[in-house]
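Q:
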Amino acid sequence: MSASPRRRHSPAVYRRRRLAVLLLLAIIVALIVWAVSCATGGGDATETTGADVATDVADSADSTDAAPASASPSASLDPDQVSACQPGEFTVSVKTESGQYSFTQQPVFVYQVTSTASVACSLNVGTTQQQVVVGSGQAEVWKSTPCVENPTDQTVVLEPGQPRSGKVTWDLAMNDGTTCSKDRHVSTKGTYWVQASIGDRSSDQYRFVLQ
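Residue numbers for the sequence shown follow the numbering used here, beginning at 62 and rising by one.
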């Protein structure tokens, strides 16, 4: 007795088998791509930008942003290796970032400390030594020192003719110079002045306008 011939499958069955094989291959390729991307791209989320690192900055309160920043760092000199600056060996200056402000803006004061000595000297420019005063006429209306939380020392090296600068932001509050009151704010338009000090050395008064 001869064997019965094998039954051939219909074209539809072969198409389904081919589709199943292609689908399986696609899944395998997708898994391989996923595994490679995990292995090579996993570190992106932990990258640290330069903005996360603060250098040569002293912490301060909300209404002050006192942060001495080196215009030309003296990385090769240690403050302990040079003599302290004498009161007559440095100058302090201050100005505003803008000549006039409205009452919806907070004036930003930029101060500079510059050595007039012939050699490098060290100076404490931390928030224990900084003071910014705002006034109108003969009256003082705001002083930065009561608004600095946890004042700190920061001794830096001043190179001759190479200033170090910092900024202080005034929130238009008024205080009596002993407490950081935020209950009263300046409301009178006109010309005001600002003066910055480092230790016993003070800048000239710089005038600006509130309008």
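Note that the Cβ used here is the ideal one computed from N, Cα and C, for glycine as well.
(1) So for residue 150, helix, strand or coil by DSSP?
(2) Can you check whether the CB of residue 158 is closer than 8 Å to the CB of residue 178?
(3) Please specify which runs of the beta strand (DSSP E), each continuous and at least 3 residues long, are wholly inside the region 160 to 229, giving them in chain order.
(4) So what's residue 114 in DSSP terms, helix, strand or just coil?
(5) Under the three-state reduction of DSSP, which class applies to residue 271: helix, strand or coil?
(6) Am I right that residue 182 and residue 144 are in contact with their C-beta atoms under 8 Å? What's the rounded C-beta distance?
(7) Whose CA, out of 246, 256, 237, lies closest to the CA of residue 228?
(8) Using 10 angstroms around the beta-carbon of residue 164, count the other beta-carbons present and answer buried if the total reaches 16, otherwise exposed.
(9) State the DSSP-derived secondary structure class of residue 256, mapped to helix, strand or coil.
(10) Closer than 8 Å is the cut-off here; do at least three beta carbon pairs connect the region 231 to 246 with the region 216 to 223?
(11) Under three-state DSSP, which class holds residue 245?
(12) Report the three-state DSSP secondary structure of residue 143 (helix, strand or coil).
(13) What's the call for residue 249, buried or exposed, on a 16-neighbour Cβ count within 10 Å?
(14) As a quick exercise: from 201, 93, 199, 175, pick the residue whose alpha carbon is nearest that of residue 155.
(15) Helix, strand or coil: which one does DSSP assign to residue 261?
(16) Nearest by alpha-carbon distance to residue 241: which of 204, 197, 264, 93 is it?
A: So, from the listed chains and residues:
(1) Walking along the sequence shown from the start, residue 150 turns up at place 89. Of the three classes helix, strand and coil, the one that applies to residue 150 here is helix, per DSSP.
(2) Residue mapping note: residue 178 aligns to position 117 of the sequence shown, counting from 1. Residue mapping note: residue 158 aligns to position 97 of the sequence shown, counting from 1. Cβ atoms of residue 178 and residue 158: not closer than 8 Å.
(3) 169 to 176, 182 to 185, 191 to 197, 200 to 204, 216 to 219
(4) In the sequence shown, the residue the question calls residue 114 occupies position 53. Residue placement at residue 114 is poorly supported in this model, since its pLDDT is 24, which falls under 50; the coordinates still yield a value, given next. The answer is coil: DSSP assigns residue 114 none of H, G, I, E or B.
(5) Here residue 271 is taken as the residue at index 210 of the sequence shown, counted from 1. Three-state result, residue 271: strand.
(6) One-based indexing of the sequence shown puts residue 182 at position 121. One-based indexing of the sequence shown puts residue 144 at position 83. Contact holds; Cβ gap of about 5 Å.
(7) Working through the sequence shown from its first residue, we reach residue 228 at position 167. Taking only the C-alpha atoms, the option nearest residue 228 is 256.
(8) Counting from 1 along the sequence shown, the entry for residue 164 is found at position 103. Per the 10 Å Cβ criterion, exposed.
(9) Stepping through the sequence shown from its first residue, residue 256 is reached at position 195. Residue state, collapsed to three classes: strand.
(10) no
(11) Taking the first residue of the sequence shown as 1, we reach residue 245 at position 184. Residue 245 falls in the coil class under three-state DSSP.
(12) Here residue 143 refers to the residue found at position 82 of the sequence shown. Of the three classes helix, strand and coil, the one that applies to residue 143 here is coil, per DSSP.
(13) For the purposes of this step, residue 249 is identified with residue 188 of the sequence shown, where counting begins at 1. The residue is exposed, with fewer than 16 neighbouring Cβ atoms inside 10 Å.
(14) As a working mapping, residue 155 is identified with position 94 in the sequence shown. Looking at the Cα atoms, 175 is the closest of the given residues.
(15) Translated into positions along the sequence shown, residue 261 becomes position 200. Of the three classes helix, strand and coil, the one that applies to residue 261 here is coil, per DSSP.
(16) Start at 1 with the first residue of the sequence shown, and residue 241 comes out as number 180. Cα-wise, what sits closest to residue 241 is 204.
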